[in-house]
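Protein chains: 2
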Amino acid sequence: MSMSMRNPSPIVIEQVTPAVDGGRYPIKREVGDNIVVRAVVYRDGHSVIKVFLKFREKFGGKMWSETPMRQINPGLCLWEGTFKPEKNALYVFTVEAYTDLFATWIQDAKKKSDANEDVRSDLIEGEALLRQIAAKASKRSEKNFYQDLLGRLAACGSDHEKVELLANHEVGELAADVTMRDPPLEVYVDRVRARFAAWYEFFPRSQGTEPGKSATFDDCIRRLPDIKAMGFDVIYLTPIHPIGRTARKGSNNSLECGPEEPGCPYAIGNETGGHYGIEPGLGTVDDFDRFVKACREMDFDVALDFAINCSPDHPYVKEHPEWFFKRPDGTIKYAENPPKKYEDIYPLNFSAPEGQWKSLWQEMKNILMFWVSHGVNTFRVDNPHTKPVAFWEWLISEIQREHPEVIFLSEAFTKPPMMKMLAKVGFTQSYTYFTWRNFKVELTEYLRELTENDVKEYMRWNFFANTPDILPRILQEGGRPAFMSRYALAATLSSVFGIYSGYELCENAAVPGKEEYLNSEKYQYKIWDWDRPGNIKEFISRINAIRHENPALQHSKNLKFFRSDNANIIFYGKASEDWKNIILTAVNLDPFNRQEGEIFIPTEAYGIGYGESYELHELISGNRFSMQGNHFYIKIELDQPAWMMRIERWGDRNFGTFLR
Amino acid sequence: MSMSMRNPSPIVIEQVTPAVDGGRYPIKREVGDNIVVRAVVYRDGHSVIKVFLKFREKFGGKMWSETPMRQINPGLCLWEGTFKPEKNALYVFTVEAYTDLFATWIQDAKKKSDANEDVRSDLIEGEALLRQIAAKASKRSEKNFYQDLLGRLAACGSDHEKVELLANHEVGELAADVTMRDPPLEVYVDRVRARFAAWYEFFPRSQGTEPGKSATFDDCIRRLPDIKAMGFDVIYLTPIHPIGRTARKGSNNSLECGPEEPGCPYAIGNETGGHYGIEPGLGTVDDFDRFVKACREMDFDVALDFAINCSPDHPYVKEHPEWFFKRPDGTIKYAENPPKKYEDIYPLNFSAPEGQWKSLWQEMKNILMFWVSHGVNTFRVDNPHTKPVAFWEWLISEIQREHPEVIFLSEAFTKPPMMKMLAKVGFTQSYTYFTWRNFKVELTEYLRELTENDVKEYMRWNFFANTPDILPRILQEGGRPAFMSRYALAATLSSVFGIYSGYELCENAAVPGKEEYLNSEKYQYKIWDWDRPGNIKEFISRINAIRHENPALQHSKNLKFFRSDNANIIFYGKASEDWKNIILTAVNLDPFNRQEGEIFIPTEAYGIGYGESYELHELISGNRFSMQGNHFYIKIELDQPAWMMRIERWGDRNFGTFLR
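Taken in sequence, the protein lines are chains A and B.
Under this note's numbering, the first residue of the first sequence is numbered 1, with each subsequent residue one higher.
Under this note's numbering, the first residue of the second sequence is numbered 1001, with each subsequent residue one higher.
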């Protein structure tokens, strides 16, 4: 007999969803989400099967919880169940099914009895099954129930009555062929802020008031109330570590650097320390701790930049030369992407020979654990696509196993398969191409790509409207209206988004012909007037407040696009899971002209009856429109290029209450 | 250091297609097919990677063959390669990739050299790589080549010339990070007849001339020339085994059975034998061997019915009572699907306790191996969906490992997931719902479901126009035109199809209100006049001949539907892989009326230039139409309800030669 002969479990469990690559990678959800699991389950013949959804935390030796699944499409053998993880942790879930012998017996006996056939032999069988179930009863009340039922069975006048008696009682199950999908699938359950947050990025050294001098963490603390007032949730700091001296870059990325120039914080490490250190101009680790504490008191998360670059002066260069790439003359290679050269940076060799990569990987973990111990719960990772994905899979799982609250944002602007793979192997959030998608068709197509296939199961997009490296053409050319419309797009298309400071001031001075900022903070100290004329802080504050007040905007996957006849007006909507909160957003994509045209309110999609009256409450301006039907002629002025309209029941100005 | 730390291979190989359920089940192809494999392959950073497709027979310790894959979409990191298996066997295939160190070096050095940068250090590195490659050269000519190249390198006047010298020579590869998708994927490569065949099913006992008496295998041999003349490829016999006596069914499925009545051949086994035996009325095993030999000489495959039913008189009942289901009184259960009863059949228990199922499974294998040893190379399996799918996966792989030529047809009319799963676990072909799809929309939708998603990778549909159990309403009502149109549909929509004998005579007498044949051969002896008036044998012969002459019709997956303005006219086409043979088929689905209307010749889809002249050669009638443009007004009469039009170059009456 061949070894490949399988135990003949007759039950098939397949197509369990949601799953990424057949279960190779976890899906992502957030605490309190309802996770809807579907599976195709069936067996040969006509026996009755029962199907259960099982779930538990992966680590810590937890027991399975289970909930029944119901058959939602008998023809396609489709079953559905839901569970709600309540903890920020890695969970496993799977589907279990078995044949219910007693239910099968009842099904067949009832058909025969109903057709007036002889069921004497069937009843002997049924009673035997019932006695097996009774024998397994443990509670006193159960024992009594079965004793009573068996007594009444014996007292029945006819076989037909006996079958009816058993068919009309909730008798326990007798399971056979118990079959479980193995291995289970995984879901990483993040904190809600992984899904819903507004990020504010700044260079700590630019938060002060003294020209030509680094700001300190105390200056940064003084900036917090202003940022909080705008409604941000995450403070993201560019690298805070000591900056290299060798080949230090001068202002505007110059190869010449004056003695007073601070260099680029992405060239990490000098004689005072490396990735564990703090650039002396900013302060000490104690100062940093005080900054983190201040952030926490204002309910800010603190995100650090994790840039695995070493300046030639980084301590590793002497302590661990084996981690670097060597040139034939024994010197260490600087970073290159020919013909570009980064003489102030040495890359690390993540595929260095056996033993060496292990110690390097471990060291990276140590760095992150150090900052986690100082209150950092979010890392924005610089260029992860230039390191092996296996490294990220290992590193992120190592950190999250001890600190499930830690969020990782992948800064990979590269080929789509690599961007997706980084999300699959564990990155909580991902940068996207949003920054370069400005027109209606390209925005719609890109968002559909993200929301309408399995990408949404593992990738959370974090829409940055600008970054220190990217001042997109639309902002350079479009000025204040563009800054407002792009902000509104980021904040309403995605529940997680961010800006790099200066955005609120509509800063748009660029190196001519490039996306680079002129006099970029990357290479010099800067002083800002955070209230300078023309700023859009009020607009930003209003949108962030609306996001906090409206659950519909706290999700990304609920996005739907709707019809607008003007090619410059994009129109879309989101509903909360309970359908009580519905926000429709219309944005003028043309920063140069007022745009107007007809938009079509998706009454049917959102459960508004034919002929029913309702109100559109535009939340930025406070304007209200009484509505019937779905035609709406909209005029969007440049001083408010985005409309955020809540659908409300007529007369109810506080909250929409349309239920599906 | 955690155990989960992976070796840091930087190369990702994913989304290798075609694959069924991520590689859990084999895809299916036929000998000589070009198998196009795609994969998404990439790595971190900018190194040059090389990708190969590897393949070999799974069994027999064969070495891998390999062929390079080429990058067909750099942005999506998509690679493609092709291999052509030449043997009827189970193959494995996979994708291997590595970093090419020398190609990476050349790429970077050339960029720097072209930008007039210093490449002295790079050249030292490049020369070292070249020496490593040279050291691995084994052939004399290779050694000489590298010696010469190194000499010329030393003689170069400038660093720039050195880089150019190396960039312009085909230097061997230096592979690092060799990464293979593991486990490999599988493809079961069948004989071509698994894809292209016309089946003819008959009851052997009805092939004679003496009323009230069983025909013999010699009578069957005498029938073969007539069936061959119609152009069939496979002779499929309903069960040939001894028929039970207990509860034997009489004519028209009567519970009363006269002493001379033969019973139903699906109730297998009596005192003369079981599944190894032959019903004495048909002859002996020697007679069967002679029949098989006659079939082989006429290039017929012989298909047997594998019906795992035992009559109460089957030898197993005494020899292996443990294989059956018992009633409480110790007697064996007959088959039931309440309220239906099959008192002449005992089902076997494939999930019987440990030890018992193993011997039962092994016995089923022994039966099949016995008939294979008698020249049977095809089994039509009765009701496989009432046995565990694990059993079929084991059984089919066991048989095919020794006899890869054996074809299994799944007769499962049940829920789609079970039908698909039976195909996944190994059935070569599958019955379908075709028999009940009569109208244009339902035919189109059903065929699209089969051809336009991954079902086509593992499921081959065998379209039966009728079966002994199914005389569909369209044939009962529609008479001769319906028999012709349904035949043409089966033969052109699917490259594998079949009829049950009597179809060619337009036999359509039904039990009133049912799909059952009146006086069915299942329960009685019958004598037929195989040339009776009104038969459609000429039509059948013509279509079968056209199928053999036109490669386009020898595939199923190449089906495309095209526009026809009349809802009763369905219009579709197929092209051969080399695009030299294109057949367009238009069928009148209304058996009661002539239909006419405009159809639109898909000139663009099949590479006919705008304004180009061409000819439509209708192959059944021989009529020709000279064409320009794509409008064609067609009138389909009831005496030829199907048109099979070959697209031919104007003036070339032998063969279409349009190339894409």
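Glycine residues also receive a C-beta, built at the ideal position from the N, C-alpha and C atoms.
- prompt: Any beta-carbon of chain B closer than 8 Å to the one on A/Phe655?
  reply: For the purposes of this step, residue 655 of chain A is taken as residue 655 along the first sequence, with counting starting at 1. Residue confidence for A/Phe655 is low, a pLDDT of 42 falling below 50, so the modelled location carries little weight and cannot support an answer.
- prompt: Would DSSP call A/Arg660 helix, strand or coil?
  reply: The residue given as residue 660 of chain A occupies position 660 in the first sequence. In this prediction, A/Arg660 has a pLDDT of 36, which is less than 50 and means its spatial position is unreliable; nothing more can be read from the coordinates.
DSSP three-state assignment for B/Gln1640, whether helix, strand or coil: As a first step, residue 1640 of chain B must be located in the second sequence, where it is residue number 640. Three-state result, B/Gln1640: coil.
task: Could you give the DSSP three-state label for B/Cys1220: helix, strand or coil?
output: Within the second sequence, the letter at position 220 stands for residue 1220 of chain B. B/Cys1220: helix per DSSP, three-state reduction.
- request: Determine whether the Cβ of A/Phe324 lies closer than 8 Å to any Cβ atom of chain B.
  value: The residue given as residue 324 of chain A occupies position 324 in the first sequence. No, no contact with chain B.
message: I'd like the span of the alpha helix (DSSP H) that includes A/Thr17, first residue to last.
response: Residue 17 of chain A sits at position 17 when you count from the first residue of the first sequence. For A/Thr17, there is no enclosing alpha helix (DSSP H); the residue is part of the beta strand (DSSP E) that begins and ends at Ile11 to Thr17.
message: For a minimum of 4 consecutive residues, which ranges assigned as the alpha helix (DSSP H) are wholly contained in the stretch 1456–1490 of chain B?
response: List check, alpha helix (DSSP H) in window: nothing returned.
query: Counting pairs of beta carbons, one from the stretch 1225–1236 of chain B and one from the stretch 1268–1282 of chain B, are three or more of them closer than 8 Å?
result: The stretch 1225–1236 of chain B makes no contact with the stretch 1268–1282 of chain B: fewer than 3 CB pairs, one atom from each, lie closer than 8 Å.
task: Decide yes or no for the touch test of the stretch 145–156 of chain A against the stretch 104–118 of chain A: beta carbon pairs closer than 8 Å, at least 3 of them.
output: Inter-segment contact for the stretch 145–156 of chain A and the stretch 104–118 of chain A is absent: fewer than three beta-carbon pairs are separated by less than 8 Å.
query: Looking only at C-alpha atoms, which of B/Asn1438, B/Lys1514, B/Thr1428 and B/Lys1557 sits nearest to B/Ile1570?
result: Here residue 1570 of chain B refers to the residue found at position 570 of the second sequence. The option with the nearest alpha carbon to B/Ile1570 is B/Asn1438.
- prompt: Cα separation between A/Phe291 and A/His241?
  reply: Working through the first sequence from its first residue, we reach residue 291 of chain A at position 291. Working through the first sequence from its first residue, we reach residue 241 of chain A at position 241. So the two alpha carbons sit approximately 15 Å from each other.
message: Within 8 Å of any Cβ in chain B, is that where the Cβ of A/Phe350 sits?
response: Position 350 of the first sequence holds residue 350 of chain A. Using a CB distance cut-off of 8 Å, A/Phe350 counts as an interface residue toward chain B.
task: Taking 8 Å as the cut-off, decide whether the C-beta atoms of B/Glu1322 and B/Ala1352 are in contact.
output: Here residue 1322 of chain B is taken as the residue at index 322 of the second sequence, counted from 1. Here residue 1352 of chain B is taken as the residue at index 352 of the second sequence, counted from 1. Yes.
message: Is there a Cβ of chain B sitting closer than 8 Å to that of A/Asn337, yes or no?
response: Working through the first sequence from its first residue, we reach residue 337 of chain A at position 337. So yes, A/Asn337 belongs to the interface.
query: Taking DSSP as the reference, what is the three-state secondary structure of B/Pro1512?
result: Position 512 of the second sequence, counting from 1, holds the residue named residue 1512 of chain B. It is coil, neither helix nor strand.
Length of the line joining the Cα atoms of B/Met1001 and A/Phe408: Start at 1 with the first residue of the second sequence, and residue 1001 of chain B comes out as number 1. Start at 1 with the first residue of the first sequence, and residue 408 of chain A comes out as number 408. A caution first: B/Met1001 carries a pLDDT of 41, below 50, which makes its placement in the model unreliable, though a value can still be read off. Going by the C-alpha atoms only, they are around 22 Å apart.
- prompt: Shortest alpha-carbon distance to A/Ile13 belongs to which of A/Val37, A/Gly172 and A/Asp226?
  reply: As a position in the first sequence, residue 13 of chain A is number 13, starting the count at 1. For A/Ile13, the closest alpha carbon among the candidates A/Val37, A/Gly172 and A/Asp226 is that of A/Val37.
query: If you draw a straight line from the C-alpha of B/Cys1077 to the C-alpha of A/Pro417, how long is it?
result: Counting from one through the second sequence, the residue named residue 1077 of chain B turns up at place 77. Counting from one through the first sequence, the residue named residue 417 of chain A turns up at place 417. Distance from the CA of B/Cys1077 to the CA of A/Pro417, rounded to the nearest whole angstrom, comes to 7 Å.
task: Say whether chain B places a C-beta atom closer than 8 Å to the C-beta of A/Ala115.
output: The residue given as residue 115 of chain A occupies position 115 in the first sequence. So, interface residue.
Close-in-space but distant-in-sequence residues of the same chain around A/Ala215 (CB under 7 Å, 5 per side omitted): For the purposes of this step, residue 215 of chain A is taken as residue 215 along the first sequence, with counting starting at 1. Pro204, Arg205, Ser206, Gln207 and Gly208, listed in sequence order.
task: Answer yes or no: do B/Arg1195 and B/Ser1495 have a C-beta to C-beta separation smaller than 8 Å?
output: Taking the second sequence and counting its residues from 1, one reaches residue 1195 of chain B at position 195. Taking the second sequence and counting its residues from 1, one reaches residue 1495 of chain B at position 495. Taking 8 Å as the Cβ cut-off, B/Arg1195 and B/Ser1495 qualify as a contacting pair.
Inter-residue CB distance, A/Glu173 and A/Ala103 (contact presumed, cutoff 8 Å): As a first step, residue 173 of chain A is located in the first sequence; it is residue number 173 there, counting from the start. As a first step, residue 103 of chain A is located in the first sequence; it is residue number 103 there, counting from the start. About 7 Å; that satisfies the 8 Å criterion.
- request: Could you have a look at A/Cys295 and say whether DSSP puts it in helix, strand or coil?
  value: In the first sequence, counting from the first residue as 1, residue 295 of chain A sits at position 295. A/Cys295: helix per DSSP, three-state reduction.
- prompt: So, using beta-carbon positions, are B/Ile1634 and B/Ile1599 closer together than 8 Å?
  reply: Within the second sequence, residue 1634 of chain B is the residue found at index 634, counting from 1. Within the second sequence, residue 1599 of chain B is the residue found at index 599, counting from 1. With respect to B/Ile1599, B/Ile1634 sits close: the two C-beta atoms are nearer than 8 Å.
query: Can you give the Cα-Cα distance for B/Asp991 and B/Leu1282, rounded to whole angstroms?
result: Absent from the model: residue 991 of chain B. The displayed extent of chain B is 1001 to 1660, so no value can be given.
- request: Provide the residue span of the beta strand (DSSP E) that contains A/Trp199, from first to last.
  value: Locating residue 199 of chain A in the first sequence gives position 199, where the first residue counts as 1. Segment Ala197 to Phe202, the beta strand (DSSP E) holding A/Trp199.
query: Are B/Thr1695 and B/Ser1009 closer than 8 Å when you measure CB to CB?
result: As displayed, chain B neither begins before 1001 nor continues past 1660, which places residue 1695 of chain B out of reach and without an answer.
message: Less than 8 Å between the beta carbons of A/Leu584 and A/Ile543, yes or no?
response: What you label residue 584 of chain A is simply residue 584 of the first sequence in a count that begins at 1. What you label residue 543 of chain A is simply residue 543 of the first sequence in a count that begins at 1. A/Leu584 is not a Cβ neighbour of A/Ile543, given a cutoff of 8 Å.
message: Counting only Cβ-Cβ distances shorter than 8 Å, please list the residues of the stretch 1595–1610 of chain B near chain A, keeping chain order.
response: Identification of residues in the stretch 1595–1610 of chain B having a C-beta nearer than 8 Å to some C-beta of chain A yields an empty set.
- prompt: Hey, how far is the Cα of B/Arg1245 from the Cα of B/Tyr1523?
  reply: Here residue 1245 of chain B corresponds to residue number 245 of the second sequence, with the count starting at 1. Here residue 1523 of chain B corresponds to residue number 523 of the second sequence, with the count starting at 1. Their Cα atoms are separated by approximately 13 Å.
query: What residues of chain B sit near A/Phe391, judged by a beta carbon separation below 7 Å?
result: Within the first sequence, residue 391 of chain A is the residue found at index 391, counting from 1. Those are Pro1008, listed as they occur along chain B.
- prompt: Who are the near neighbours of A/Pro551 in its chain, counting only those whose CB is closer than 7 Å to its CB and skipping five residues on each side?
  reply: Stepping through the first sequence from its first residue, residue 551 of chain A is reached at position 551. Same-chain partners within the cutoff: Ser576 and Asn581.
query: Cα separation between A/Pro621 and A/Tyr433?
result: Counted from its first residue, the first sequence places residue 621 of chain A at position 621. Counted from its first residue, the first sequence places residue 433 of chain A at position 433. For clarity, residue 621 of chain A is Ser in the given sequence; the question names Pro instead. The alpha-carbon atoms of A/Ser621 and A/Tyr433 are separated by roughly 30 Å.
message: Mapping the DSSP letters down to three states, classify B/Arg973 as helix, strand or coil.
response: The first residue shown for chain B is 1001 and the last is 1660, placing residue 973 of chain B beyond what the model contains.
message: Would you say B/Val1016 lies against chain D (beta-carbon separation less than 8 Å)?
response: No chain D is present in this structure, whose protein chains are A and B.
task: Could you check the C-alpha separation between B/Asn1654 and B/Ala1294 for me, to the nearest Å?
output: Position 654 of the second sequence, counted from the start, is the residue given in the question as residue 1654 of chain B. Position 294 of the second sequence, counted from the start, is the residue given in the question as residue 1294 of chain B. Here B/Asn1654 scores only 43 on pLDDT, less than 50, and its place in the model should not be relied on; the value that follows carries that caveat. The alpha-carbon atoms of B/Asn1654 and B/Ala1294 are separated by roughly 34 Å.
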